[in-house]
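Scroll down for the structure; my scribbles are underneath it.
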Amino acid sequence: MDRGAAALNDRRVPVQRPPILLLAFIVFIDLCGIGLIIPVVPSLVVRLTGASLDQAAVLGGVLLLAYAAAQFAFAPLIGGLSDRYGRRPVLIWVLVALGFDYIVMAFAPSFWWLLAGRIISGVMGASFAPANSCIADAVPEGERGRAFGILGAGGAAGFVAGPAIGGLLVELDPRAPFLAAAALALAAALASMAVLRETLPPERRRAFSLTRANPFGSLIRFRASPVVRGFLLTILTVQVAAQVNIAVWPYYTALRFGWTPGAIGASVAVFGVSIALAQGLLAGWLFARFGEARAGIAVLLIGVADYTLIAFADTAIQLFVLISAGALTYIVWPAMQAMMTRVTPEDAQGELQGAITSTMAFGSIIGPPVMSGVFIAFSDKAGPMLPGAPYLLAAALLLVAAAQFMRAAGRSKPGAPSP
0 MDRGAAALND RRVPVQRPPI LLLAFIVFID LCGIGLIIPV VPSLVVRLTG
50 ASLDQAAVLG GVLLLAYAAA QFAFAPLIGG LSDRYGRRPV LIWVLVALGF
100 DYIVMAFAPS FWWLLAGRII SGVMGASFAP ANSCIADAVP EGERGRAFGI
150 LGAGGAAGFV AGPAIGGLLV ELDPRAPFLA AAALALAAAL ASMAVLRETL
200 PPERRRAFSL TRANPFGSLI RFRASPVVRG FLLTILTVQV AAQVNIAVWP
250 YYTALRFGWT PGAIGASVAV FGVSIALAQG LLAGWLFARF GEARAGIAVL
300 LIGVADYTLI AFADTAIQLF VLISAGALTY IVWPAMQAMM TRVTPEDAQG
350 ELQGAITSTM AFGSIIGPPV MSGVFIAFSD KAGPMLPGAP YLLAAALLLV
400 AAAQFMRAAG RSKPGAPSP
């Protein structure tokens, strides 16, 4: 598969370069839309169900799990459809459906309507696949890492902006965050209609296959490529490690340092901005100077040291410095994407991006309970007291990921053995 992909890329027919900033805005919409509704979910669940706040927290977790599970299941389907019908129509229809889904959630009469809406959002949130596929289709190989980094920066910016905007809008009306998310999605759809041109010409498309358009089918498909298989395993390991910041950070900082919600929110904002700067500005420079392989292994090892130091940090200043430095680890994502696209046939780039999104979603499902469980075990008075233990586990996982990355990167070099 790898050599065939290289041959296909050698015969690449030039196509119009996609508007990278528009694609970054689409990814921004995905993450911002998720974040916009975070502040309103607790009160909305209480209002729809009559549950207490602690019960609402459980139901809120169900909503998050439903979103991630839907993205895991349907990302390969969205990617496969974009390989068959082109990136532009799939991307536009996904954004339109996402916009109307947010409107439905804004006026949901019951929790079950809200749950159905979150499942649909998870399905349509797989717009990452066709957006990233546009980069693989039309951006030269040497520039793809930088382009993927810009898209990642858009996602990080949405991660920061969403909760902040949602927190302000919910004061106006509980439905306002959903309506704002709908407006952003529909605006992105209109912008795509006006500006985005198709990057996958008909001669590069393939027949749609339902047996491949699912998480298991796509993984079986890419099993034949040691490079893609190795990087997908690395993605899963890194994603599970990264969930420590989602599942544990607020509780760790509150328990260890007595941080208020305001301080925790500020630290999350710093983290998100740092990721955006690292992926959007620094990644391209690192890739051009050192190459994706060396840059990727370097930032993973930085992450190992960073998580270890967070586990034993003594002051708030140390934590703010460490979370800023830890954002460098996220440069590994565009590095892996760029290397995988080079060994994947042109007619399967959407399938590849769907498999990547699905793998990340699976990591988002299994990571939080693992990290939360370790935190509880080491923060309970009945056992050893080491609330930073989840960060030590995350550091160990990144060390494993570094070994996986080196193995996959070694196989991606010209002349490397291929099955």
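59 is the number that numbering that gives the first Met the number 0 gives to position 60 of the sequence shown; each next residue is one higher, with no gaps.
All C-beta atoms, glycine included, are put in the ideal place defined by N, C-alpha and C.
Pairwise C-alpha distance: residue j and residue i
i      : j      : result
Glu197 : Ala175 : 34 Å
Met123 : Met384 : 42 Å
Ala65  : Pro17  : 32 Å
Leu419 : Ile25  : Because the chain is modelled from 0 through 418, residue 419 falls outside the range shown and cannot be assessed.
Thr48  : Ser109 : 7 Å
Pro260 : Ile134 : 38 Å
Gln348 : Phe377 : 43 Å
Pro88  : Val243 : 36 Å
Ile37  : Ala155 : 16 Å
Ile316 : Ser323 : 11 Å
Gly161 : Phe319 : 21 Å
Leu76  : Arg205 : 14 Å
Ala184 : Phe374 : 36 Å
Glu140 : Ser411 : 13 Å
Residue of the options minimising C-alpha distance to residue i
i      : options                       : result
Leu150 : Arg117, Phe127, Ser323        : Phe127
Gln336 : Gly366, Asp136, Leu64, Ile364 : Asp136
Leu209 : Val267, Thr343, Arg83, Tyr329 : Arg83
Ala188 : Ala96, Ala50, Gln348, Leu285  : Ala96
Ile364 : Met339, Phe71, Asp313         : Phe71
Ala105 : Phe147, Ala407, Asp172        : Asp172
Ala163 : Met192, Gly271, Val45         : Gly271
Val159 : Leu185, Gly34, Ala253         : Gly34
Asp100 : Ile274, Pro249, Ala115, Ala74 : Ala115
Gly78  : Leu94, Gly353, Phe289         : Gly353
Leu62  : Ser81, Val39, Gly216, Ala74   : Val39
Ala74  : Pro368, Ser357, Ile219        : Ser357
Val239 : Leu218, Ala55, Asn131, Val369 : Val369
Close beta carbons around residue i, own chain, < 6 Å, minus the five adjacent residues each side
i      : result
Ala69  : Ile118, Gly121, Val122
Gly157 : Phe27, Leu30, Cys31
Ile102 : Ala181
Leu178 : Ala105
Ala393 : Ala240, Val243, Tyr306
Val247 : Met370, Phe374, Pro389
Helix, strand or coil at residue i according to DSSP, with G and I counted as helix
i      : result
Ser323 : helix
Ile309 : helix
Leu110 : The question names Leu, yet the displayed sequence has Phe at residue 110. If DSSP states are grouped into helix, strand and coil, Phe110 belongs with the helices.
Gly290 : coil
Ala206 : coil
Gly98  : helix
Asp379 : coil
Ser357 : helix
Thr314 : coil
Thr48  : helix
Asn131 : helix
Thr343 : coil
Ala407 : helix
Ala6   : Unreliable positioning characterises Ala6 in this predicted model, as indicated by a pLDDT of 42, which lies under 50. A coordinate reading is not provided.
Residues near residue i in its chain [Cβ-Cβ closer than 7 Å; skip 5 each side]
i      : result
Glu291 : Gly144, Ala334, Ala337, Met338
Ala146 : Ile19, Ile134, Val138
Leu299 : Thr328, Val331, Leu397, Ala400, Ala401, Phe404
Thr233 : Met335, Ala400, Gln403, Phe404, Ala407
Cutoff 8 Å: residue i Cβ touching any chain B Cβ
i      : result
Leu171 : In the displayed structure, chain B is absent; only one protein chain is listed.
Which parts of the region 138–204 are runs of the alpha helix (DSSP H), unbroken and 4 residues or longer, counting only runs that do not cross its ends? 140–168, 175–194
> What are the uninterrupted segments assigned as alpha helix (DSSP H) that are 4 or more residues long and contained completely in the region 215–279, given in chain order?
Replying inline: Fully enclosed alpha helix (DSSP H) runs of no fewer than 4 residues occupy 225–241, 243–246, 248–256, 260–276 of the region 215–279, in order along the chain.
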